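Scroll down for the structure; my scribbles are underneath it.
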Amino acid sequence: MKPYVLLNSAMTVDGKIATSNASMKISGKDDLIRVHKLRKKYDGIMVGINTVLIDNPKLTVHKINAKKEDNPVRIVIDSKARTPLNSEVLNECAHTIIVVSECAPSSDVKKLEQYCEVLVCGKERVDLKEALCNLYDLGIESILLEGGSTLNFSMFREKLIDEISICIGSKILGGYNSKTLVDGEGFSISECVSLELKKIEKIDDNDVVLTYTTVY
């Protein structure tokens with residue numbers, strides 16, 4: 002068994018989620034509240050190590066009324082145990098699980114274990130299927146996936162995403178090196194992921210939230 006996984010993100014009309022080296026504000030206040038309501042609803046919230054290194058997010062419920070116990074378990078996919086010890090995800094606001102691979106330096110793993118729970122899955126890179134099964138066994142039955150683009154691709158490739166909720170902000174970013182919703186190696190035409198549209202919602206005057214389920 003694995004947790005139910007919802008990929009949530011905001012992107013520009015041309016499919017960008019960030020510049021090549023920095024995050025950006027894409028959607029408005031109403032969408033931010035929507036995201037924090039989702040966080041409060043899910044058991045876990047997952048990001049990749051690049052998101053931690055670039056954005057240093059808290060990954061807590063703090064834009065709406067919430068108690069400490071309303072925060073989801075923070076999950077970081079970090080094959081080589083590179084999460085800085087002063088990261089916001091290692092504060093005491095919520096429980097955190099760092100998922101590493103067997104190739105992660107043992108000294109770095111031991112340091113992380115002083116601040117959070119560490120889960121070892123996979124040899125050279127984190128085995129996402131194994132990780133999700135282990136997370137389910139730990140009582141995490143639903144996960145809100147918040148990127149970034151490389152982890153999004155890996156999760157799609159392993160057919161681990163069940164639903165997608167995308168806020169399309171009324172902006173154009175452009176740029177050859179700007180981050181898209183899904184980067185990575187990409188799929189062939191025959192292997193690309195098919196989606197079924199479930200809901201369209203206008204938000205923040207000029208933005209729209211699209212909800213899809215995946216069809217594998």
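Per the numbering used here, the sequence shown starts with residue 2, numbered consecutively.
Even glycine gets a Cβ: it sits at the ideal position worked out from N, Cα and C.
On a predicted model such as this, the values are computed, not experimentally measured, just so you know.
- Beta-bridge annotation (DSSP): asparagine 178 is not paired with any residue.
- Around leucine 86, the same chain offers Lys112 and Tyr116 as residues with beta carbons nearer than 7 Å, after the five sequence neighbours per side are excluded.
- With a 10 Å radius around the Cβ and a threshold of 16 neighbouring Cβ atoms, tyrosine 43 comes out buried.
- The C-beta separation of serine 195 from valine 216 comes to about 4 Å, placing the pair in contact by the 8 Å criterion.
- Out of Leu129, Val183 and Glu118, the CA that lies nearest to the CA of alanine 95 is found in Glu118.
- Assignment of leucine 196 by DSSP, reduced to helix, strand and coil, places it in the strand class.
- Per DSSP, isoleucine 78 is one residue of the beta strand (DSSP E) stretching across 74-78.
- Assigned with DSSP and collapsed to three states, aspartate 32 falls in helix.
- Residue environment: methionine 2 is assigned as exposed (fewer than 16 neighbouring CB atoms within 10 Å of its CB, all protein chains considered).
- Annotation: the continuous alpha helix (DSSP H) that includes aspartate 138 extends over 129-138.
- Within the DSSP bridge table, the entry for isoleucine 27 names no partner.
- Minimum Cα-Cα distance from leucine 8 among the listed residues Val14, Ile50 and Gly45 corresponds to Gly45.
- Rounded to whole angstroms, the Cβ separation of arginine 126 and serine 102 is 5 Å, and the two are in contact under 8 Å.
- The three-state secondary structure of methionine 12, taken from DSSP, is strand.
- Under the Cβ criterion (8 Å, minimum of three pairs), the region 197-207 counts as touching the region 27-42.
- Ranking Leu146, Val210 and Lys124 by CA distance to the CA of proline 73 puts Leu146 first.
- Scanning Ile98, Lys200, Val210 and Gly149 for the CA closest to the CA of alanine 82 turns up Ile98.
- As the crow flies, the alpha-carbon of asparagine 57 is around 7 Å from that of valine 90.
- Scanning its chain for C-beta atoms nearer than 8 Å, with the 5 sequence neighbours on each side dropped, one finds around threonine 181 the residues Met12, Gly16, Lys17, Ile18 and Ser150, in chain order.
- Across the set Leu129, Lys64 and Asp163, the C-alpha of Asp163 shows the shortest separation from the C-alpha of leucine 198.
- With 16 or more neighbouring CB atoms inside 10 Å of its own CB, proline 4 falls in the buried class.
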